[in-house]
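**Q** In terms of the working numbering, the sequence shown opens at residue 6 and continues consecutively.
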Amino acid sequence: MSVEAGRCRSGRRTQGNNDRDWLTVFQLPPHAPDPNPVEGIWSVLRRTATASRAFADPDDLTTAIRRGLRRLPYRPDVLDGCLTGTGLPRKPP
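1. For residue 93, does the count of other Cβ atoms within 10 angstroms reach 16, so buried, or fall short, so exposed?
2. When the Cα of residue 88 is compared with those of 61, 26 and 44, which residue comes out closest?
3. Based on Cα-Cα distance, which residue from 64, 66 and 52 lies nearest to residue 83?
4. Ends of the alpha helix (DSSP H) at residue 73?
5. What does the alpha-carbon distance come out to for the pair residue 46 and residue 59?
6. Can you give me the Cβ contacts of residue 85 inside the same chain, cut-off strictly under 8 Å, excluding the 5 residues immediately before and after it?
7. What residues in its chain sit with their C-beta under 6 Å from that of residue 48, if we drop five residues either side in the sequence?
The structure is reproduced here in structure tokens:
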């Protein structure tokens, strides 16, 4: 059984299950972020290239995303921010 360490599941009933020898309880952290810089890039695209816009069809959405991705290499500060948000080290090219 896996148990989140959040407030909602740390009551007596959950903690009492640790006394049973046939049950193994794994405590999970309350929040375990995934260090994935792609999530930061999608966040930037949602706030810039696709923000406040209605798309006529899926091709229109694809075009907007591609344009947004083409602009990112000219914004190294944004890409660095996506890496910094993950805690991953930035390696120089």
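Glycine included, every Cβ here is placed at the ideal spot set by N, Cα and C.
**A** Answer, in terms of the structure:
1. exposed
2. 44
3. 52
4. Its alpha helix (DSSP H) spans residues 63-76.
5. 20 Å
6. 95
7. none
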